[in-house]
Ligand code: DGL
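Residue numbers (the working numbering): 74 to 353.
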C-alpha cells in the first residue's frame with residue numbers, strides 16, 4: 074500500500090485521456106495532473122526543446138513526492154524516451170506501451186499512426202512497432218491541426234472544421250487499407266468519435282494514452298504500491314478558468330468542483346536550431 078500520488082503530465086488536455094483510463098483501472102489513486110497549456114503545442118517544437126521540457130516537467134511533477142509518473146504525451150515519449158527510462162522515479166511513456174499492445178494483436182494490413190509532427194518526425198512509433206511486428210508496414214501520419222482544434226473546443230464529429238481536418242489527414246490511412254490506427258497523440262482520444270465517423274467501425278483505434286496508463290497500473294499492482302483516496306489536483310501553466318472548463322467538460326464534472334491551480338509557464342528553451350540536433 075502506498076498512498077503517495079501518481080503524477081501525470083501533458084502539454085494540455087490530451088493527458089486527461091490517460092487520467093481517465095487510469096481512473097478506470099485504479100479509481101482510488103491520488104493524482105497530480107499538470108497540463109503545460111502555456112507552452113502548447115509541443116508537436117511544433119524541436120527535439121532538443123522537447124528534451125529540456127521533458128526534464129523540466131519530470132522535475133516539476135516529481136516535486137509532489139509521486140510514486141510513479143505517466144508521461145501522457147506521445148511527443149515527449151517519442152523524443153525523450155531515454156530520459157523517462159533513466160528518471161529516478163518510475164516514469165511510463167505512451168509509445169513503448171502502445172507498441173507492446175500492437176504486438177499482441179493479430180495484424181492484417183498496414184498499421185497507421187496518427188500523431189504530432191514532432192512524434193512522426195522522430196520515427197519513434199514507426200521503429201517501436203516495426204521492431205515488435207517484423208515485416209509490418211507502418212504509416213506515420215502527422216496531424217498538426219488536431220491539437221489546436223481540440224484545445225479550442227472543436228470536439229464534435231459534426232463540427233465542420235474538425236470533420237474536414239480528420240478527412241484531410243486520415244484519407245491516406247483509408248487509402249492504404251489500414252486496419253489499425255494508433256492514436257499516438259494523447260489529445261486524439263478526445264476526438265475519437267470524429268475519427269471513427271470517418272474511418273468506420275472496422276478500423277481499430279489503439280489509444281497510446283490508455284496503453285501507457287495500463288502499464289503504469291500493472292507496475293503499481295505488481296509492486297504492491299496501489300492506494301489513495303481518489304483525489305485529483307490539477308496544475309496548468311495556461312489560463313486556469315479555460316483549463317478547468319475544458320477539463321470539466323471532458324471528465325463530465327462541474328468545472329467548479331475541480332481543484333485547479335495556475336503556475337507560470339517555464340521559458341521554452343531557445344536553441345538556435347534546426348531538427349535534429351544532438352541530445353540534451
Ligand atoms: N498530447 C501531446 C501528445 O501526445 C502533445 C500535443 C501537442 O502539444 O502538440 O503528443
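For glycine and all other residues, C-beta sits at the position ideal for the given N, C-alpha and C.
Predicted model only: the values in this text are computed from it and were never measured.
Just the Cα atoms here: how many angstroms apart are residue 313 and residue 203? What you label residue 313 is simply residue 240 of the chain shown in a count that begins at 1. What you label residue 203 is simply residue 130 of the chain shown in a count that begins at 1. About 41 Å.
Using a Cβ-based criterion (distance less than 7 Å to any ligand heavy atom), does residue 198 qualify as near ligand 1? Here the question's residue 198 lines up with position 125 in the chain shown. Because no heavy atom of ligand 1 lies under 7 Å away, the Cβ of residue 198 does not count as near it: no.
Going along the chain, which residues of its own chain have a beta-carbon closer than 7 Å to the beta-carbon of residue 138, five neighbours each way excluded? Taking the chain shown and counting its residues from 1, the one referred to as residue 138 is at position 65. 77, listed in sequence order.
Sequence ranges, beta strand (DSSP E) only - wholly within the region 238-306, length at least 3: Complete beta strand (DSSP E) runs here, min 3: 253-256, 277-280.
I think residue 113 touches residue 154, with their Cβ atoms under 8 Å apart; what is that distance to the nearest whole Å? What you label residue 113 is simply residue 40 of the chain shown in a count that begins at 1. What you label residue 154 is simply residue 81 of the chain shown in a count that begins at 1. The beta-carbon distance between residue 113 and residue 154, rounded to whole angstroms, is 21 Å. This is too long to meet the 8 Å contact definition.
Quick check: is any heavy atom of ligand 1 less than 7 Å from the C-beta of residue 105? Here residue 105 is taken as the residue at index 32 of the chain shown, counted from 1. No, Cβ of residue 105 sits at least 7 Å from all heavy atoms of ligand 1.
Taking one C-beta from the region 330-343 and one from the region 230-239 each time, how about it: are there three or more such pairs within less than 8 Å? They do not touch, by the three-pair rule.
So which of 243, 225, 205, 190 has the shortest CA-CA distance to residue 316? Within the chain shown, the letter at position 243 stands for residue 316. Comparing Cα-Cα distances from residue 316 to each of 243, 225, 205, 190, the minimum goes to 225.
Given residue 220 as reference, the closest of 256, 185, 197, 251 once Cα atoms are compared: Counted from its first residue, the chain shown places residue 220 at position 147. The option with the nearest alpha carbon to residue 220 is 256.
Please classify residue 181 as buried or exposed, where buried requires at least 16 other C-beta atoms within 10 Å of its C-beta. Within the chain shown, the letter at position 108 stands for residue 181. With fewer than 16 Cβ atoms within 10 Å of its Cβ, residue 181 is classed as exposed.
Could you say which of 234, 132, 87, 258 lies nearest to residue 186 if we only look at CA atoms? For this step, residue 186 is matched to residue 113 along the chain shown. Looking only at 234, 132, 87, 258, the smallest Cα-Cα distance to residue 186 is reached by 258.
For a test of the three-state rule: what should DSSP assign to residue 90, helix, strand or coil? Position 17 of the chain shown, counting from 1, holds the residue named residue 90. Reduced to three states, the DSSP call for residue 90 is helix.
Is the beta carbon of residue 140 sitting closer than 8 Å to the one on residue 79? In the chain shown, residue 140 corresponds to position 67, counting from 1. In the chain shown, residue 79 corresponds to position 6, counting from 1. Inclusion of residue 140 and residue 79 in the CB contact set at 8 Å is warranted, their separation being smaller than that value.
Can you tell me where the beta strand (DSSP E) with residue 102 in it begins and where it stops? Here residue 102 is taken as the residue at index 29 of the chain shown, counted from 1. In this chain, residue 102 is not harboured by any beta strand (DSSP E), its DSSP state being neither H nor E.
N-terminal and C-terminal residue of the beta strand (DSSP E) that residue 82 is part of: What you label residue 82 is simply residue 9 of the chain shown in a count that begins at 1. Element bounds for residue 82: 79-83.
Can the beta-carbon of residue 172 be found closer than 8 Å to that of residue 149? As a first step, residue 172 is located in the chain shown; it is residue number 99 there, counting from the start. As a first step, residue 149 is located in the chain shown; it is residue number 76 there, counting from the start. Residue 149 is positioned such that its CB atom lies no closer than 8 Å to that of residue 172.
With DSSP as the reference, label residue 309 as helix, strand or coil. If you number the chain shown from 1, residue 309 lands on position 236. Looking at residue 309 - three-state DSSP - the assignment turns out to be strand.
Span of the beta strand (DSSP E) holding residue 212? Counting from one through the chain shown, the residue named residue 212 turns up at place 139. Here the beta strand (DSSP E) through residue 212 covers 211-215.
Measuring straight from C-alpha to C-alpha, what distance separates residue 249 and residue 299? As a working note, residue 249 is residue 176 in the chain shown. As a working note, residue 299 is residue 226 in the chain shown. Rounded to the nearest angstrom, the two C-alpha atoms are 43 Å apart.
Quick check on residue 193: does DSSP put it in helix, strand or coil? Position 120 of the chain shown, counting from 1, holds the residue named residue 193. Looking at residue 193 - three-state DSSP - the assignment turns out to be helix.
Residue 106 to residue 89, Cα distance in whole Å? Against the chain shown, residue 106 aligns to sequence position 33. Against the chain shown, residue 89 aligns to sequence position 16. Their backbone Cα atoms lie some 8 Å apart in a straight line.
Examine the Cβ distances between the region 271-289 and the region 206-218 and report whether three or more of them are shorter than 8 Å. Between the region 271-289 and the region 206-218 there are fewer than three C-beta pairs closer than 8 Å, too few to call the two in contact.
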